[in-house]
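> Numbering (this note's numbering), first residue to last: -12 to 453. Glycine is no exception: its CB is placed at the ideal position from the N, C-alpha and C atoms.
(1) Under a three-way DSSP split, which group does residue 85 fall into?
(2) Helix, strand or coil: which one does DSSP assign to residue 230?
(3) Write down the C-beta distance between residue 246 and residue 292 rounded to the nearest angstrom, noting that I regard them as a contact closer than 8 Å.
(4) Determine the direct distance from the alpha carbon of residue 68 to that of residue 19, and round the result to whole angstroms.
(5) Could you compute how far the alpha carbon of residue 329 sits from the alpha carbon of residue 386?
(6) Considering Cα atoms alone, identify which of 99, 88 and 132 is closest to residue 276.
(7) Just to confirm, is the Cβ distance from residue 268 to residue 394 under 7 Å?
(8) Alpha carbon to alpha carbon, what distance is there between residue 117 and residue 264?
(9) Report the partner residues of residue 148 according to the DSSP bridge assignment.
(10) For the alpha helix (DSSP H) holding residue 235, just list the boundary residues, first then last.
(11) Which value, in whole angstroms, describes the spacing of the CA atoms of residue 424 and residue 221?
(12) Taking only three categories from DSSP, how would you classify residue 5?
(13) Taking only three categories from DSSP, how would you classify residue 405?
(14) Name the one or two DSSP bridge partners that residue 29 has.
(15) Should the region -10 to 10 be regarded as contacting the region 72 to 85, the criterion being three or more beta carbon pairs within less than 8 Å?
(16) Could you pull the start and end residues of the alpha helix (DSSP H) that residue 183 belongs to?
(17) State whether the region 296 to 308 contacts the region 190 to 202, with contact taken as three or more CB pairs (one from each stretch) at a distance under 8 Å.
(18) Which class does residue 24 belong to by DSSP, given the choice of helix, strand or coil?
(19) Confirm the yes/no value for this check: CB of residue 335, any heavy atom of the ligand GTP, distance under 6 Å.
(20) How close, in whole Å, do the beta carbons of residue 100 and residue 91 come, if the pair is a contact with beta carbons under 8 Å?
(21) Please classify residue 71: does DSSP put it in a helix, a strand, or coil?
(22) Going straight from the alpha carbon of residue 162 to that of residue 416, what length do you get?
(23) Three or more C-beta pairs under 8 Å: does that hold for the region 338 to 355 against the region 223 to 236?
(24) Residue 441 and residue 152 - do their beta-carbons sit closer together than 7 Å?
(25) Return the CA-CA distance between residue -8 and residue 414, expressed in angstroms with no decimal places.
(26) Would you be able to state if there are at least three C-beta pairs under 8 Å between the region 198 to 207 and the region 166 to 183?
(27) So for residue 321, helix, strand or coil by DSSP?
(28) Run through DSSP, which three-state label would residue 273 get?
(29) If we ignore side chains and look at the alpha-carbon of each, how far apart do residue 396 and residue 216 end up?
(30) Using the Cβ count rule (16 or more neighbours within 10 Å means buried), how would you classify residue 320?
(31) Under three-state DSSP, which class holds residue 112?
(32) Just to confirm the assignment, what range does the alpha helix (DSSP H) spanning residue 388 have?
(33) Taking C-alpha atoms, which residue in 10, 53, 9 and -4 lies nearest to residue 27?
(34) Is it the case that the Cβ atoms of residue 120 and residue 283 are separated by a distance below 7 Å?
(35) For the alpha helix (DSSP H) that residue 125 lies in, which residues bound it at each end?
(36) Under 7 Å between the Cβ atoms of residue 160 and residue 142?
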């Protein structure tokens, strides 16, 4: 849309200089007069002059803008639009106060595009790393309906809710990792500094050590000698998962594995359900066509299983069917070999580490690996066919379609699942502490038993010699 520079006088005789967007100069003058100003000068803003004056130097930035920055930007933009400020001026104000980074660079580009005659949605669409398809399409719907300020307010609320949900899930996942790392540090300290002291003492008395003590001492020796290899194990695991996720089958297998992890899988599942239903509800309520809304929801779901489900819904809609039925059938996972592999690897491979400690303990390694493989297979096969969408969602979507209030029902589903995620994360936090105490107690108990068995023999020898 063309931009016009104008000079005008207000009711008090004060001179005003500003810019305004309009299809024609007459339309621009009429808009300015409706604001209570008397136009003294107006002219089309030239692209060349806009480039010479407005082109700003960008800073180096990688990736997109952070979630918190986008929430703040969207909220501020909606407030400025509610106040009736021209969109270009609003963007320039926000660009001026933004810190160097991806968002500031994007706003510079968006301002340049608008000055060149592009609409806000067209300008934002040219910066996909910062403004995704959901953002652009909601803005486009707001422009078409003449309710941009309402859409921006709704978009700001959507961003705030999704960011809060994301923070909740990330917090729930970080806490167990920190607890595990703390446990590893404690055990590593015992293995590196405590066990060698006992080893020297046992060798001095030439004691015959039980297998459990031999295993503990050999493990300590390996950790001391090959300590630099142990950090490579988690790095190799992460690289393997990242490489597997480059392929469709590998990505589906990994996501199915995560969805079936006890407690954590439920949190991921419900968080995805909350985010996707809120996304679809926001798009539909903004006037985005249902097929376009479903496509955007599928692309922003972030989970291969949910992408598959929404693909089935899209195909069904194209054939004239409703959303509820294909959502129910598409949310049931099929057997996936990669998901089974991850479960077997999680429980079946760790016992093979016994062979690294001492090859003579191959029998223990074989028994442990077999039990882990069977257990991992059973967990996956028993949970394999459980749907990722509950009947509650199916029924509410069905009612929403029948009553013509699908967006309202989707919002209610999202609200319900966000509360469920909050309850699950709080419950998991409370469960982790006693669980980790039990695990740490078991490890320390194993070490104490392994060390005190030969100590008892040593004390017996000393008392017997007297």
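Based on what the coordinates show:
(1) coil
(2) helix
(3) 6 Å
(4) 16 Å
(5) 38 Å
(6) 132
(7) yes
(8) 22 Å
(9) Answer is none; residue 148 lacks a bridge partner.
(10) 235 to 246
(11) 23 Å
(12) strand
(13) helix
(14) -7
(15) yes
(16) 182 to 191
(17) no
(18) coil
(19) The ligand GTP is absent from the structure shown, which contains no ligand whatsoever.
(20) Wrong, their Cβ atoms sit about 15 Å apart, outside the cutoff.
(21) coil
(22) 8 Å
(23) no
(24) no
(25) 59 Å
(26) yes
(27) coil
(28) coil
(29) 53 Å
(30) buried
(31) helix
(32) 378 to 390
(33) -4
(34) yes
(35) 120 to 132
(36) no
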